[in-house]
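In our numbering, the protein residues as written are 171 to 455.
Structure follows, in structure tokens:
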């Protein structure tokens, strides 16, 4: 699965509402400006003026997202349901679908650059240190969960997590599909260290940028790079690992769809339709 380090800053600005609104309840989406500051508190405490700024930013971003992006998501989901009526998408088609989803992510990230920089520029030194401490604690938890277990356990845990996610979309997997997931998990090997190191590298660059948060132009440029081009911070080894993971994931998805029976395809279409209905039920007023 793809992990975006930039979710840290996105959480500080909108507390993930713009990225998770599609699967959130209507109340959570509509009341984002009120609960976002409390969710952001998981990373650092905001003072009254910062909470007010965050609420204003969330309202503006939510209005844009609801008016511009939500209709696109709905249309996209409707088209995918229709596609599944006529074909089992192969790797080439799935590659295009993935590019669509990444384009949607980039559209949100693009809108977050200015509000992210504006909010983070208001942090004092104590808040920056609190943010650093909280992230360090989170990194230790992730290391304990994903890096310290034996490779055998990492592979087994990865397989179990993916099976659980897939069953939401397909229902119960057949033996062939379960074997595909097991092979995929084995093939990925020890990759947890790579993404954890990349996460740390991104955070190090964030805190280096925060040292210049009073230099508006330079700080804005740095935030744009962190949010829109995080891949530039990747080592050549991790970049290659990410490309391999992407290719392996697309291959697995094509194999799973190819091995799916009609009941599983219907289950997938039903889940997509349910997600579409929740999106269309969001109140943008």
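All C-beta atoms, glycine included, are put in the ideal place defined by N, C-alpha and C.
Asked                                                                                                                             : Found
Classification of residue 362 by the beta-carbon crowding that lies within 10 angstroms, buried from 16 upward                    : buried
Contact under 9 Å by Cβ, residue 254 with residue 439                                                                             : yes
At least 3 beta-carbon pairs within less than 8 Å: the segment 424-434 vs the segment 228-242                                     : no
Simplified DSSP assignment, three categories, for residue 231                                                                     : helix
Sequence-distant residues of its chain with Cβ nearer than 6 Å to residue 386 (five each side left out)                           : none
Length of the line joining the Cα atoms of residue 320 and residue 364                                                            : 15 Å
Neighbour-count burial assignment, residue 393, 16 or more Cβ in a 10 Å radius                                                    : buried
Same chain only: Cβ atoms within 7 Å of residue 287, ignoring 5 sequence neighbours per side                                      : 389, 390 and 393
Other residues of its chain near residue 403: CB distance less than 7 Å, five sequence neighbours each side excluded              : 371, 372 and 375
C-beta atoms of residue 215 and residue 297 nearer than 9 Å                                                                       : yes
Neighbourhood of residue 341 by C-beta, 6 Å cutoff - its chain only, sequence neighbours within 5 removed                         : 434 and 437
Selection from 377, 409 and 448 that minimises the alpha carbon distance to residue 302                                           : 377
Chain-order list of residues whose beta-carbon lies under 8 Å from that of residue 270 (same chain, five-residue window excluded) : 246
Segment limits, alpha helix (DSSP H) that includes residue 448                                                                    : 432-450
Status (buried if at least 16 other CB within 10 Å, exposed otherwise) for residue 310                                            : exposed
Limits of the alpha helix (DSSP H) - the one that residue 302 falls within                                                        : 295-312
Among 248, 395, 442 and 452, nearest to residue 283 - alpha-carbon criterion                                                      : 395
Residue 411 versus residue 272: straight-line alpha-carbon distance, rounded                                                      : 18 Å
Whole-angstrom distance between residue 293 and residue 353, CA atom to CA atom                                                   : 46 Å
DSSP three-state assignment for residue 217, whether helix, strand or coil                                                        : coil
Status (buried if at least 16 other CB within 10 Å, exposed otherwise) for residue 355                                            : buried
Endpoints, the alpha helix (DSSP H) within which residue 321 is located                                                           : 321-340
Per-residue DSSP class, three states only, for residue 426                                                                        : helix
Residue 279, DSSP secondary structure in three states                                                                             : helix
Contained alpha helix (DSSP H) runs [length at least 4] in the segment 355-388, N- to C-terminal order                            : 362-380
Distance, residue 285 Cα to residue 229 Cα                                                                                        : 12 Å
Near the ligand ADP: residue 215 beta-carbon under 8 Å from a heavy atom                                                          : Absence of the ligand ADP from the depicted structure is noted, as is the absence of any ligand whatsoever, leaving it without description.
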